[in-house]
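Please read the structure below before turning to the comments.
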Amino acid sequence: MKKNREKDYAQLLEECFRSIIQAQTIVIWLTATPFSKDARGILDETRSEKKNFLRIRIFRINTFSSELAKNIYIFQVIDLHYLVRKRIQHRYKDGMHEFILKFQHILLLKINFDMIEN
């Protein structure tokens with residue numbers, strides 16, 4: 140029988156969220172960052188056709204997890220996928236990792252903006 144990994148992920152994520160909720164706890168959920176179409180190091184050459192599939196899957200998982208965190212468990216969500224996806228000039232040559240200083244700057248701006256907004 141074929142496993143439904145997305146369903147398994149959803150169940151495990153809900154269990155995780157339920158287990159960490161305590162009174163007076165602030166939880167910030169960060170989504171995964173995107174990787175480029177020509178990312179290296181993610182899959183060997185025999186499986187490189189799966190890159191686009193994985194890019195879409197990461198987007199779907201980010202969407203699901205952030206909606207669950209924000210709407211059901213009332214966590215603060217910082218959508219790193221959205222914040223860095225168009226800043227490709229700050230991505231390392233491997234197509235997957237971001238320059239940490241720019242990454243920290245984006246995060247601080249986002250956190251400060253959210254604090255002012257709320």
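Using my numbering, you'd call the opening residue of the sequence shown number 140 and step up by one each time. C-beta: ideal position from N, C-alpha, C; glycine also.
Exposure label - residue i; buried when at least 16 CB within 10 Å
i: F174; result: buried
i: L151; result: exposed
i: S158; result: exposed
i: A208; result: buried
i: T164; result: exposed
i: T105; result: Nothing about residue 105 can be reported from this structure: the residues present for the chain run from 140 to 257 only.
i: R199; result: exposed
i: R230; result: buried
Where the beta strand (DSSP E) through residue i begins and ends
i: L169; result: I167 to L169
i: I227; result: Unbroken run through I227: none, as it is neither H nor E.
Reduced DSSP secondary structure (H/G/I, E/B, other) of residue i
i: M140; result: Summary for M140: the model assigns pLDDT 46, below 50, so the residue's position carries little reliability; its value from the coordinates is reported in the next sentence. Coil at M140, not helix or strand.
i: D147; result: helix
Those residues which DSSP pairs with residue i across a bridge
i: I211; result: I211 pairs with nothing; no bridge assigned.
i: I159; result: Bridge partners of I159: none, in fact.
i: I217; result: L169
Span of the alpha helix (DSSP H), counted from its first residue to its last, around residue i
i: T202; result: K190 to E206
Chain-order list of residues whose beta-carbon lies under 8 angstroms from that of residue i (same chain, five-residue window excluded)
i: N191; result: K176
i: I227; result: S175
i: E206; result: none
Contact set for residue i: own chain, Cβ-Cβ below 7 angstroms, skip 5 residues either direction
i: L169; result: I217 and L219
i: T172; result: L219, H220, V223 and E237
Close-in-space but distant-in-sequence residues of the same chain around residue i (CB under 6 angstroms, 5 per side omitted)
i: V166; result: F214
i: F156; result: Y212
i: L246; result: none
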